[in-house]
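Asks: Here the sequence shown is numbered in my numbering, starting from 430 and rising by one per residue.
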Amino acid sequence: MYADLLIHSAQMMVTMKGFSEGPACGEDMSKIGLIEDGAVAIREGKIVAVGTTVEVQAGGWVGPETKQISAKGKVVTPGFVDPHTHVLYAGSRENELSLKIKGVPYLEILKQGGGILSTVRSTNQATDEEIKAQTSRRLQTMLSLGTTTVEVKSGYGLTLEDEMRSLRLIKELGSEQVIDLVPTFMGAHAVPPGYTEEAFVNYVIETMLPTIAAEGLAEFCDVFCEPGVFSVDSSERICVKAKQLNLKLKIHADELASSAGGAELAAKLGVISADHLLQASDEGISALAKQGVIAVLLPATSFNLAKNSYARARAMISAGVSVALATDSNPGSSPTESMPLVLTLACLYLRLTPQEALTAATINAAHAIGRAEQVGSLEVGKQGDVLILDIPNLNYLPYHFGSNPVGTVIKRGNLVWQS
Ligand code: IZC
Ligand code: ZN
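1. For a test of the three-state rule: what should DSSP assign to L674, helix, strand or coil?
2. Here's a check: name, in chain order, each residue in its chain whose Cβ is nearer than 8 Å to the Cβ of L772, leaving out the five neighbours to either side.
3. Run the proximity test for G544: is its beta-carbon closer than 7 Å to any non-hydrogen atom belonging to the ligand IZC?
4. Beta carbon of A500, beta carbon of I436: below 8 Å?
5. Return yes when the Cβ of G616 is within less than 8 Å of the Cβ of E592, no when it is not.
6. Note down, in chain order, each residue of its chain lying with its Cβ closer than 7 Å to the Cβ of L610, except the 5 sequence neighbours on either side.
7. Can you give me the Cβ contacts of L587 inside the same chain, cut-off strictly under 6 Å, excluding the 5 residues immediately before and after it?
8. Please list the segments of the beta strand (DSSP E) lying wholly inside the segment 625-673, counting only runs of 3 or more residues, in order along the chain.
9. Excluding five sequence neighbours on each side, which residues of the same chain lie with their C-beta closer than 8 Å to the C-beta of D819?
10. Who are the Cβ neighbours of N793 in its own chain at under 7 Å, not counting the five residues just before and after it?
11. Per DSSP, N759 is paired with what?
12. For L536, I'd like the list of residues in its chain whose CB is within less than 6 Å of its CB, leaving aside the five on either flank, ordered along the chain.
13. Could you check whether the Cβ of E808 sits closer than 8 Å to any Cβ belonging to chain C?
14. Rounded to a whole number of angstroms, what is the C-alpha to C-alpha distance between M442 and T625?
15. Among V838, D433, S747 and F629, which residue has its Cα nearest to the Cα of G492?
16. Along the beta strand (DSSP E) that carries A718, what are the first and last residues, could you check?
17. Runs of 4 residues minimum, wholly inside the segment 581-630: which ones carry the alpha helix (DSSP H) assignment?
18. For K840, count the other beta carbons within 10 Å of its own beta carbon; 16 or more makes it buried, fewer makes it exposed. Which is it?
19. Restricting to Cα atoms, I'd like to know which of R567, A744, D662 and Q720 is closest to M768.
20. Among the candidates G455, L596, A795 and F830, whose CA atom is the shortest distance from the CA of P512?
Rendered as structure tokens:
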């Protein structure tokens, strides 16, 4: 039995070996399973051998039909996993840039009917084909930047019908294009006009959640837990119901207001991940560590909100929290598809080392969306999702920013993008 594909002679190969059972935390976030002169062999979409080039070649995997790619002088990593995005939408919000430059806060724009509600209008007015075409283009950009698995939230519909449409489109896109998509229901993204917070939360709990769970359209449920959007109490009610319906949980927690209790709620509920956490308290961070909640940090959002405020990643890692990284790709607070940019920002402003940042963008990110058995590391039996980066060493990845370091993207053993 020969491999279909052999990538060999990598200057450095990052495997992330050993964390498929549970995410890396503390000092383990630096253990990236580096192999010099590394090789990986893939057959029928799955990894069949990993090691040095000599080891893999000696394993008998290379036959006359095996396609071979040399990664000489380059760095090979698992495909990036982006575990927090709002990438399904129509329209854009560049008109809000001037407000942002003037210092108008994100939530003030929302309060005035813009922000999320503006994208709800443009999405709900668009046809299925328009939403899919615009989203596909962004997914293609993500793929070219090395993302091979991505979580996608609904939340620009805000009626049962429109939320179901978004989740159905995520499903369709997932089967039509290359990247694997993981669907999250986020009906509680903003309170639409005509509702009080309480009335809308009741609608989410009594009408949206049961139908969406019954249709099997989402794996996760997420809530924008933030004073002025959904309170801790409202968020808890929604999460408790979602859990009863066997949805896994995520929370947007402590993004904007200080010590609002989002992290504490996340720990109390035992969510899989708590996301943002810029303003999480020391108690909240300890609680996340104790409960094994993954912190999904979104430095591109901090950067784009331009408030010079970043999550306290070092305190989280010291406390034993597993950290993951995501783009938060959305038309308002993070209009980007770039995990390489996120890695740069994570090193400079979250003060992660390149090793920690890579762990956060691969295996820990896979854990944050329930995909660690399939992706996030280069290990035998996992999906053949591999990047060949056109860079000489690991430090170069966060160091040189603003251009694309990705040379080749392999998805399930197929070459799907090349620079
Ligand atoms: O469209 O502004 N933070 N939700 C919560 C978002 C950002 C997306 C948006
Ligand atoms: Zn978000």
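Built from N, CA and C at the ideal position, the CB exists for glycine as well.
Replies: Well, looking at it:
1. Here residue 674 corresponds to residue number 245 of the sequence shown, with the count starting at 1. In the structure shown, L674 sits in coil (DSSP, three-state: anything other than H, G, I, E or B).
2. Stepping through the sequence shown from its first residue, residue 772 is reached at position 343. Counting only Cβ-Cβ distances below 8 Å, and skipping sequence neighbours, we find L754, P783, A786, L787, A790, L826 and P827.
3. Counted from its first residue, the sequence shown places residue 544 at position 115. Flag set: Cβ of G544 near the ligand IZC.
4. Counted from its first residue, the sequence shown places residue 500 at position 71. Counted from its first residue, the sequence shown places residue 436 at position 7. Taking 8 Å as the Cβ cut-off, A500 and I436 qualify as a contacting pair.
5. Within the sequence shown, residue 592 is the residue found at index 163, counting from 1. Within the sequence shown, residue 616 is the residue found at index 187, counting from 1. Yes, these two residues count as a Cβ contact at 8 Å.
6. The residue you call residue 610 lines up with position 181 of the sequence shown. Within the same chain, L610 has close Cβ partners V579, V581, I599, L602 and G603.
7. For the purposes of this step, residue 587 is identified with residue 158 of the sequence shown, where counting begins at 1. Excluding positions up to five away in sequence, the list reads V549 and P621.
8. 649-654, all fully within the segment 625-673.
9. Position 390 of the sequence shown, counted from the first residue, corresponds to residue 819. Excluding residues within five positions, the ones whose Cβ falls inside 8 Å are K503, P834, V835, G836 and S848.
10. By 1-based counting over the sequence shown, the position of residue 793 is 364. Excluding positions up to five away in sequence, the list reads P452, A453, I723, S751, V752 and A753.
11. Here the question's residue 759 lines up with position 330 in the sequence shown. According to DSSP, N759 bridges with S763.
12. Counting from 1 along the sequence shown, the entry for residue 536 is found at position 107. G657, listed in sequence order.
13. Protein chain content of the structure displayed is limited to a single chain, and chain C is not contained in it.
14. In the sequence shown, residue 442 corresponds to position 13, counting from 1. In the sequence shown, residue 625 corresponds to position 196, counting from 1. Using only the alpha carbons, I get a separation of about 53 Å.
15. Residue numbering aside, residue 492 sits at position 63 when the sequence shown is read from its first letter. Distances from the alpha-carbon of G492 to those of V838, D433, S747 and F629 put D433 closest.
16. In the sequence shown, the residue the question calls residue 718 occupies position 289. In the DSSP assignment, A718 falls outside any beta strand (DSSP E) and within the unbroken alpha helix (DSSP H) covering D711 to Q720.
17. List check, alpha helix (DSSP H) in window: 589-605.
18. Residue numbering aside, residue 840 sits at position 411 when the sequence shown is read from its first letter. The residue in question, K840, is buried, as its Cβ has 16 or more Cβ neighbours within 10 Å.
19. Translated into the one-based positions of the sequence shown, residue 768 becomes position 339. Considering only R567, A744, D662 and Q720, the residue with the shortest C-alpha distance to M768 is R567.
20. By one-based count along the sequence shown, residue 512 stands at place 83. Among G455, L596, A795 and F830, the Cα nearest to that of P512 is on A795.
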